[in-house]
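So the sequence lines, in the order shown, correspond to chains A and B.
If you use the working numbering, the first sequence corresponds to residues 30 to 218, in order.
If you use the working numbering, the second sequence corresponds to residues 30 to 218, in order.
A virtual CB, placed ideally from N, CA and C, is assigned to each residue, including glycine.
All values derive from a computational prediction rather than experimental measurement.
There are 2 protein chains.
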Amino acid sequence: MPWGPEQKQQSRERILNSAAKLFTQHGFDHVGINEVMADAGMTRGAFYAHFSSKAELYAESIATAAKAAHLKAIEALGSDASLQRVVKGYLSEEHRSGAQINCPLALLITDIGQRDDKVREAYTRVFKGFVNLIAQGGDADADEAHRQALQKAVLMVGGMAISRAINDEELAATLLDVCRNGVLDGQEA
Amino acid sequence: MPWGPEQKQQSRERILNSAAKLFTQHGFDHVGINEVMADAGMTRGAFYAHFSSKAELYAESIATAAKAAHLKAIEALGSDASLQRVVKGYLSEEHRSGAQINCPLALLITDIGQRDDKVREAYTRVFKGFVNLIAQGGDADADEAHRQALQKAVLMVGGMAISRAINDEELAATLLDVCRNGVLDGQEA
DNA sequence: GTCTATAGCACGATAGAC
DNA sequence: GTCTATCGTGCTATAGAC
Numbered sequence: 030m031p032w033g034p035e036q037k038q039q040s041r042e043r044i045l046n047s048a049a050k051l052f053t054q055h056g057f058d059h060v061g062i063n064e065v066m067a068d069a070g071m072t073r074g075a076f077y078a079h080f081s082s083k084a085e086l087y088a089e090s091i092a093t094a095a096k097a098a099h100l101k102a103i104e105a106l107g108s109d110a111s112l113q114r115v116v117k118g119y120l121s122e123e124h125r126s127g128a129q130i131n132c133p134l135a136l137l138i139t140d141i142g143q144r145d146d147k148v149r150e151a152y153t154r155v156f157k158g159f160v161n162l163i164a165q166g167g168d169a170d171a172d173e174a175h176r177q178a179l180q181k182a183v184l185m186v187g188g189m190a191i192s193r194a195i196n197d198e199e200l201a202a203t204l205l206d207v208c209r210n211g212v213l214d215g216q217e218a
Numbered sequence: 030m031p032w033g034p035e036q037k038q039q040s041r042e043r044i045l046n047s048a049a050k051l052f053t054q055h056g057f058d059h060v061g062i063n064e065v066m067a068d069a070g071m072t073r074g075a076f077y078a079h080f081s082s083k084a085e086l087y088a089e090s091i092a093t094a095a096k097a098a099h100l101k102a103i104e105a106l107g108s109d110a111s112l113q114r115v116v117k118g119y120l121s122e123e124h125r126s127g128a129q130i131n132c133p134l135a136l137l138i139t140d141i142g143q144r145d146d147k148v149r150e151a152y153t154r155v156f157k158g159f160v161n162l163i164a165q166g167g168d169a170d171a172d173e174a175h176r177q178a179l180q181k182a183v184l185m186v187g188g189m190a191i192s193r194a195i196n197d198e199e200l201a202a203t204l205l206d207v208c209r210n211g212v213l214d215g216q217e218a
């Protein structure tokens, strides 16, 4: 058995990547450990050698999902990552359809409040990172810049979440457009 | 047995009221038919004389929960239901704590996307009603008024939802304040 | 219409072989 | 560390007495 700890680490990361994808798309309750492990190429029994519970996996998955979404976004944006292009990419029909990017902030808002504090902690950390990202290049006044970034974050995350919940495609498109304008209001067009 | 159809109607409404309360607070998956029926003063078996499935109950509950939240809000506002006071009541710490008002739009955003179309239909109808409510007394230009109301709805519903998800009380308070200002921006202070 | 009882299933977590 | 097998539990939905 030439396997060392680096093999365990690899398995752990495969589990985390599968969990991040599945949890973000379907929520905590609709994803079983079975499903996660099968996606990662293993079976149920191996799970508890890496995580002590489903809830612990979920908490860690949130950060993993956020990193994955961020990477996807950077990849799509290329070198020009102006706020305008970031916002257009985030508040897009493509994001709404869930084909490529899946932001856990938007897709798990309601899910989070029903879990323990570890999970809420993870979500909060990701949200703060999101706000800081938006605040970059903003106003000189730090406090006012933070408040503006907060409002933009609500329009982005809330707008995406609501657009996914409603089943009126035309209204959803209008809603995304309104949010894009709201976030970019005052910016260069 | 002097029971007539009006008795059945009463039972049905008790079930709906219990379901609206419990579903809104805990989400679809964490509320059992057992629990709903017990809250309504009955047992499991009686349920299927009124609804054909849990999903059907859920879909109907959304409208019921919206009406209940609306009534609570009106009751708290009294005769002065200016937009300013409506917004302050909605984006309040009290709403965040869930003590009195519980808006299904904010509390079930993520829950909805995982259900069938009947459920999304019900949510969409409630959301449109909410937007229309906000649009009243707005701009003369109907289209522009609708767009402004949409943005305000996102700030209200999204802001409340995010404030509930994060576990940083100070950030939550700031976020609610930012959203209140954002919605009332341009209004009389 | 409401009750009790139960079928049928899915899931989280654990035990023990290799 | 990963596997198969299983325990225990909770749930939706149905069956049948009253």
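Count the other CB atoms within 10 Å of the CB of A:T53; is the residue buried (16 or more) or exposed (fewer)?
By the neighbour-count rule (16 or more Cβ atoms within 10 Å), A:T53 is buried.
From this set, B:D206, B:K157, B:A164, which residue's C-alpha is nearest A:E199's C-alpha?
Here the closest residue by C-alpha is B:K157.
Using 10 angstroms around the beta-carbon of A:L204, count the other beta-carbons present and answer buried if the total reaches 16, otherwise exposed.
So A:L204 ends up on the buried side.
What would DSSP say about B:I130, mapped onto helix, strand or coil?
Reduced to three states, the DSSP call for B:I130 is coil.
Between A:T93 and chain B, is the shortest Cβ-Cβ distance under 9 Å, so that the two count as touching?
Output row for A:T93: interface = no.
For a contact meaning CB atoms closer than 7 Å, what does A:A153 contact in chain B?
Note that residue 153 of chain A is Thr in the sequence shown, not Ala. The contacting residues are I195, N196, D197.
Tell me, to the nearest whole angstrom, how far the beta carbon of A:G15 is from that of A:L184; I am working on the premise that it is less than 8 Å.
The requested residue 15 of chain A does not occur in the structure, where chain A is confined to residues 30 to 218.
State yes or no: is the C-beta of B:A190 within less than 9 Å of the C-beta of A:I91?
Taking 9 Å as the Cβ cut-off, B:A190 and A:I91 do not qualify as a contacting pair.
Using the three-state DSSP reduction, which class does A:R144 fall into: helix, strand or coil?
Coil.
Going along the stretch 164-186 of chain B in order, which residues come within less than 7 Å of chain A, judged by CB to CB distance?
If the cut-off is 7 Å between Cβ atoms, the stretch 164-186 of chain B has R176, L179, Q180, V183, L184, V186 near chain A.
Between which two residues does the alpha helix (DSSP H) carrying A:L179 extend?
Unbroken alpha helix (DSSP H) run through A:L179: 171-194.
Is the CB of B:C208 under 9 Å away from at least one CB in chain A?
Taking Cβ atoms only, chain A reaches closer than 9 Å to B:C208, which makes this a yes.
Using C-beta distances below 8 Å, list every residue in its chain close to B:A75, excluding the 5 sequence neighbours before and after it, in chain order.
These residues qualify, in order along the chain: S40, M66.
Using a Cβ-Cβ cut-off of 8 Å (strictly less than) and excluding sequence neighbours within five positions of A:R149, which residues of its own chain qualify?
These residues qualify, in order along the chain: I141, G142.
Looking at B:Q36 and A:V207, is the spacing between their C-beta atoms short of 9 Å?
Against a cut-off of 9 Å, the Cβ pair of B:Q36 and A:V207 comes out as no contact.
Please name the residue, chosen from B:A201, B:D109, B:Q113, B:L134, that lies closest to B:A98 on a Cα-to-Cα basis.
Answer by Cα proximity: B:L134.
Report back the beta-carbon spacing between A:K101 and A:I130 to the nearest angstrom; my notes put them in contact at under 8 Å.
5 Å between Cβ atoms; contact.
In its own chain, which residues sit with a C-beta less than 6 Å from the C-beta of B:A202, not counting the 5 before and 5 after it?
Around B:A202: no qualifying Cβ.
If you draw a straight line from the C-alpha of A:L112 to the C-alpha of A:S126, how long is it?
Answer to the nearest angstrom: the Cα atoms are 22 Å apart.
Name, please, each residue of chain B whose Cβ falls closer than 8 Å to the Cβ of A:E150.
Those are N196, listed as they occur along chain B.
Check B:H59 in the structure and name its three-state DSSP category.
DSSP places B:H59 in coil when its eight states are reduced to three.
Round the Cβ separation of B:A128 and B:A94 to the nearest angstrom and send it over; I've been treating them as touching at under 8 Å.
Contact doesn't hold; Cβ gap of about 16 Å is too wide.
Relative to the C-alpha of B:V155, which candidate in A:H124, A:D197, A:I44, A:R154 has its C-alpha closest?
Answer by Cα proximity: A:D197.
Whose C-beta lies closer than 7 Å to the C-beta of B:A69 among residues of the same chain, with five residues either side of it excluded?
Cβ neighbours of B:A69 beyond the five flanking positions: R43, I44, S47.
In or out: A:S82 buried (at least 16 other Cβ within 10 Å) or exposed?
A:S82 comes out exposed.
At a CB-CB cut-off below 9 Å, which residues of chain B make contact with A:A84?
Simply none; closest approach about 14 Å.
What is the residue span of the alpha helix (DSSP H) that A:G118 lies within?
That run of the alpha helix (DSSP H) goes 112-119.
Between B:L136 and the rest of its own chain, which residues show a CB-CB distance below 6 Å, the 5 nearest in sequence each way excluded?
Here the set comprises T53.
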